[in-house]
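Take a look at the structure set out below.
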Amino acid sequence: MRGSHVAAIARKQFLTLRHDHRSLALMLVAPVLAMLIFGFAFGTSPKHIKVLVVNQDSGATAQNIIDKLDKDKLNLETTMDVDGAKQQVRDGKVVGVLVFPSSFTADSSPKVSISLVGGKPQPSVAPPAGAHAEVYIDTTNQQLSAVVLPELARATQQVAADAGAQSPVSYDTKYAFAKAKDARYIDYFVPGIMAFAITFFTILLTLLAFVSERTSGTMDRLRVSPATEAEIVLGNELAFGIIAAVQGSLILAVALLVYHVLLVGPLWIAVLLVILAAIDAQAIGISISAAAKRESQAVQLIPLIIFPVFLLSGIFVPVASLPGWLQPFSYLLPPTWAIDALRDVFLRGWGMDHVWVNVAVLAGFAVLFTAIAIVGLGRARS
Amino acid sequence: MAAEAVAFNKVVKTYDTFRALDELTFSIHEGELYGLIGPNGAGKTTAIKVLTGLRKASGGDAKVLGYEPQDPAVRPLVGYMPQETALYLDLSVRENLELFGGLYDIKKPALQARIKDLLEFVNLSDWADKVITDLSGGMQHRASLAAALLPKPQLLVLDEPTVGVDPELRATFWARFADMQKDGTTILITTHYMDEAMRCERVGLVNHGKLIAEGSPEALIKHAKVKTLEDAFLKLAGRGLVVPK
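So the sequence lines, in the order shown, correspond to chains Z and Y. For what it's worth, this note's numbering labels the leading residue of the first sequence as 1, then goes sequentially. For what it's worth, this note's numbering labels the leading residue of the second sequence as 1001, then goes sequentially.
Put into structure tokens, the structure is as follows:
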């Protein structure tokens, strides 16, 4: 194994990029763009959900609840036409209608009555009859409808608490990871999309680069030279590892500067995980490149790799929530281990003492896939 | 008798059920200029791939400069110019030569001198810093030849090196091959051009993966009782192995 051969092949990759501006742009701009698009698309909570309010309450309770509703989440419009409002829900124009009846305040208050006992007036208090408001809702879009009822419950509890009502049950919440107590969905989502973007673009670039080397004849010229298969693969790993570190840094910068995601743990471990994910991805790219004779065939292979990674590696749905029979497949995908550890570092603030298993597994995958890539290149000589 | 730089003895290469080389037997003496000719699909390129170690023979015995073709020790001794340009299209001519020079472990000062010499030879000195995609097809071919000559090989393998090259440059190429041969380099060349085959000391006529005739061009023509090598090939193609003395 000659270091100079490995370095020469890695250098070639960078020199190529210097002249090939389109690939350079794909490497640097595309992951950032993907990050921005995914972040905006999945990272923001539903807002401004259109809800109509029909307030017939003769008292003040319904209005108090309406006042407490979060106007950023719900875009409220008042009307007195119940049928017309419901028709708007059926027409898909609004997500729901809240109908507070005229007896809402009366039914939600205790009933005080005075009776004569032994000729003397005696007050007695009966519990509230129970107020009923109607919620007419369109559940075809769960993302929107799922916000309405919890928000209504929260506002109702707030009004009750303000009136001095006490719940017979209370919970005292303490946080295992205090710095992540206000973590948002995007804080959970960004580490996943980071690993996915690095995996996707590294596989794409490596696969196309290797198929192109085969079709153009440069691979034959390399293999006739004293460079060994191991040197060819490791030279590419060195180049793509460095490129992935740059890509990872850019993605991380977007995550921190645009989405202000939480990063509680050490940055260097996050970068290491990204590099390992990239090395795994490029070795996979080299290995599967043998299955494609042309660039057009290589492109057809991409979905076979990307869809399982996208759906099974825990970017959206935690692996533990997948059906039991599917979970082993998740753990065969390197990004699953990268995403898991990245979340631990980002949100829980864990260091190497906790995530070393994931790092070891990713490194193990790197060794395994690199060996497969080297053997695969060697088999082309058979 | 000179030692053999290349010795193929009943070499077989099969791809699935297709027998690309069918007990191909030929040898090239050290310092010889040997031409392998034959129609498309005859097995010339497969023979070269086995010879350069890019493919493993399915059977038979092959030796290159005394080594097994896939022995890494033989690689620094062989220069190879494939049919395709086989250079990195987004690198300049110089960057390509520096890359392959580095892989052949040529030290930097010597490499720069060698690159300068080769660029002058292939008449690309003014284009050295242009990327390959900016060059014409002929220029790309010249750059490819320069890359094959980089390691000062003992055995130079040229797979149709003059396809798409203008007549003037072809003449230049052949003058260089002759010079190299005088310096002791063994050269194996495949070609479709019979006038080029005539310049070889010996030619092997290959068809259906077999050697069907071998000898000096003049001897083959004489033996076939025709006027040209092309006619000799056409006439001999239907017969068994012919080795005119």
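For every residue, glycine included, the Cβ atom is placed at its ideal position computed from N, Cα and C.
- Query: Where does ARG184/Z fall in DSSP's three states?
  - Reply: In the structure shown, ARG184/Z sits in coil (DSSP, three-state: anything other than H, G, I, E or B).
- Using a cut-off of 7 Å between C-beta atoms, extract the partners of ASP220/Z located in chain Y. Listed along chain Y, the residues sitting closer than 7 Å to ASP220/Z by beta-carbon distance are LEU1054, PRO1082 and ALA1086.
- Query: Quick one: what's got a C-beta closer than 6 Å to MET1001/Y's C-beta in the same chain, skipping five residues either side?
  - Reply: Here MET1001/Y scores only 46 on pLDDT, less than 50, and its place in the model should not be relied on; the value that follows carries that caveat. Within the same chain, no residue comes within 6 Å of MET1001/Y by CB-CB distance, once the 5 residues on both sides are set aside.
- Task: Quickly, what does DSSP pair THR78/Z with across the bridge? List them, please.
- Result: As DSSP reads the structure, THR78/Z sits in a beta bridge with VAL53/Z.
- Uninterrupted beta strand (DSSP E) stretches inside the stretch 124-206 of chain Z (no shorter than 3 residues): 134-137, all fully within the stretch 124-206 of chain Z.
- Task: Could you give the DSSP three-state label for ALA10/Z: helix, strand or coil?
- Result: Three-state result, ALA10/Z: helix.
- Task: Say yes only if the C-beta of ARG1019/Y is nearer than 6 Å to one or more non-hydrogen atoms of the ligand FMN, and no if none qualify.
- Result: Of the ligands one can find in the structure shown there are none, so the ligand FMN has no counterpart to examine.
- Which residue comes first and which comes last in the beta strand (DSSP E) that contains MET1081/Y? For MET1081/Y, the uninterrupted beta strand (DSSP E) segment begins and ends at 1078-1081.
- Task: Reducing DSSP to helix, strand and coil, say where ILE1189/Y ends up.
- Result: It is a strand residue.
- Would the stretch 111-119 of chain Z and the stretch 84-95 of chain Z be scored as touching if the rule is three or more Cβ pairs under 8 Å? Here the stretch 111-119 of chain Z does not lie against the stretch 84-95 of chain Z, with fewer than 3 beta-carbon pairs under 8 Å apart.
- Item | Burial state of HIS1141/Y, where buried means 16 or more other Cβ atoms lie within 10 Å | HIS1141/Y counts as buried, since no fewer than 16 other beta carbons sit within 10 angstroms of its beta carbon.
- Residue-chain proximity (MET1001/Y, chain Z), Cβ-Cβ < 7 Å: Residue placement at MET1001/Y is flagged as unreliable, the pLDDT there being 46, under the threshold of 50; the coordinate-derived value follows with that caveat. Not one chain Z Cβ lies under 7 Å of MET1001/Y.
- Starting from the beta carbon of LEU368/Z, find every residue of chain Y whose beta carbon is closer than 9 Å, and list them in chain order. Going along chain Y, no residue has its Cβ under 9 Å from LEU368/Z, so there is no contact; the nearest lies around 24 Å.
- Query: Per DSSP, which one or two residues make a beta bridge with THR1014/Y?
  - Reply: Within the DSSP secondary-structure output, THR1014/Y pairs in a beta bridge with ARG1019/Y.
- Helix, strand or coil at LEU1205/Y according to DSSP, with G and I counted as helix: Collapsing the DSSP output to three states places LEU1205/Y in a strand.
- Per-residue burial, LEU304/Z [other beta carbons within 10 Å of its own, 16 or more giving buried]: Burial check for LEU304/Z: the Cβ neighbour count within 10 Å stays below 16, so the residue is exposed.
- Buried or exposed for ARG1114/Y, please, with buried defined as at least 16 other CB atoms from any protein chain shown within 10 angstroms of its CB. Flag for ARG1114/Y reads buried.
- Message: Distance cutoff 7 Å, beta carbons only. Does ALA8/Z sit that close to anything in chain Y?
- Response: Cβ-Cβ to chain Y under 7 Å: yes for ALA8/Z.
- Message: In this structure, how does DSSP classify PHE365/Z when only helix, strand and coil are distinguished?
- Response: Three-state result, PHE365/Z: helix.
- Item | Cβ of THR206/Z within 7 Å of any chain Y Cβ | No, its Cβ sits nowhere closer than 7 Å to a Cβ of chain Y.
- Determine which residues of the stretch 1085-1107 of chain Y have a Cβ less than 8 Å from any Cβ of chain Z, and write them out in chain order. Considering only beta carbons, the part of the stretch 1085-1107 of chain Y lying closer than 8 Å to chain Z consists of THR1085, ALA1086, LEU1087, TYR1088, LEU1089, ASP1090, LEU1091, SER1092, GLU1095, LEU1099, PHE1100, GLY1102, LEU1103, TYR1104 and ASP1105, in chain order.
- Who are the neighbours of GLN1070/Y on chain Z, taking C-beta pairs under 8 Å? Those are ARG381, listed as they occur along chain Z.
- Out of PHE1177/Y, LEU1091/Y, GLU1030/Y and ILE1037/Y, point me to the one whose CA is closest to ILE1212/Y's CA. Of the candidates PHE1177/Y, LEU1091/Y, GLU1030/Y and ILE1037/Y, the one whose C-alpha sits nearest the C-alpha of ILE1212/Y is ILE1037/Y.
- Message: I need the boundaries of the alpha helix (DSSP H) containing LYS1108/Y, first residue and last residue.
- Response: Residue range 1108-1121 is occupied by the alpha helix (DSSP H) that includes LYS1108/Y.
- Query: Between the C-alpha atoms of LEU267/Z and LYS179/Z, what's the straight-line distance to the nearest angstrom?
  - Reply: Between LEU267/Z and LYS179/Z, the C-alpha separation is close to 16 Å.
- Task: Look up SER1125/Y in the DSSP assignment and say whether it is helix, strand or coil.
- Result: In the structure shown, SER1125/Y sits in a helix (DSSP, three-state: H, G or I).
- Can you list, in chain order, the residues of the stretch 209-239 of chain Z whose Cβ is nearer than 8 Å to any Cβ on chain Y? For chain Y, the residues of the stretch 209-239 of chain Z that bring a beta carbon within less than 8 Å of one of its beta carbons are SER216, GLY217, THR218, ASP220, ARG221, LEU222, ARG223, VAL224, SER225, PRO226, ALA227 and THR228, in chain order.
- Proximity winner among PHE42/Z, PHE100/Z and HIS19/Z, relative to GLY59/Z (alpha-carbon distances): In this structure, PHE100/Z is the residue among PHE42/Z, PHE100/Z and HIS19/Z with its C-alpha nearest to the C-alpha of GLY59/Z.
- Message: At 4 residues or longer, what runs of the alpha helix (DSSP H) sit wholly inside the stretch 258-346 of chain Z?
- Response: Complete alpha helix (DSSP H) runs here, min 4: 267-289, 295-312, 327-330 and 334-343.
- What span of residues does the beta strand (DSSP E) with ASP67/Z cover, start to end? Note, ASP67/Z: premise wrong, no beta strand (DSSP E); alpha helix (DSSP H) at 61-68.
- Select from VAL211/Z, GLN143/Z, ARG294/Z and ALA197/Z the residue whose C-alpha is nearest the C-alpha of VAL32/Z. Per the Cα distances, ALA197/Z.
- Task: Output the distance between the C-alpha atoms of ARG18/Z and SER1092/Y, rounded to the nearest integer angstrom.
- Result: Taking the straight line from one Cα to the other gives about 11 Å.
- Near-chain Y residues of the stretch 16-44 of chain Z (beta-carbon distance less than 9 Å), N- to C-terminal order: Answer set for the stretch 16-44 of chain Z: THR16, LEU17, ARG18, HIS19, ASP20 and SER23.
- Excluding the 5 residues preceding and the 5 following GLY378/Z in the sequence, name in chain order all residues of the same chain whose CB lies nearer than 7 Å to its CB. Its chain contains GLU229 as the residues whose beta carbon lies nearer than 7 Å to that of GLY378/Z, once the 5 sequence neighbours on both sides are disregarded; these appear in chain order.
- Between the stretch 1045-1063 of chain Y and the stretch 1110-1125 of chain Y, are three or more C-beta pairs nearer than 8 Å? In short, these stretches do not touch, since the Cβ pair count stays below three.
- Message: In the DSSP assignment, the beta strand (DSSP E) including ALA1213/Y goes from what residue to what residue?
- Response: Unbroken beta strand (DSSP E) run through ALA1213/Y: 1210-1215.
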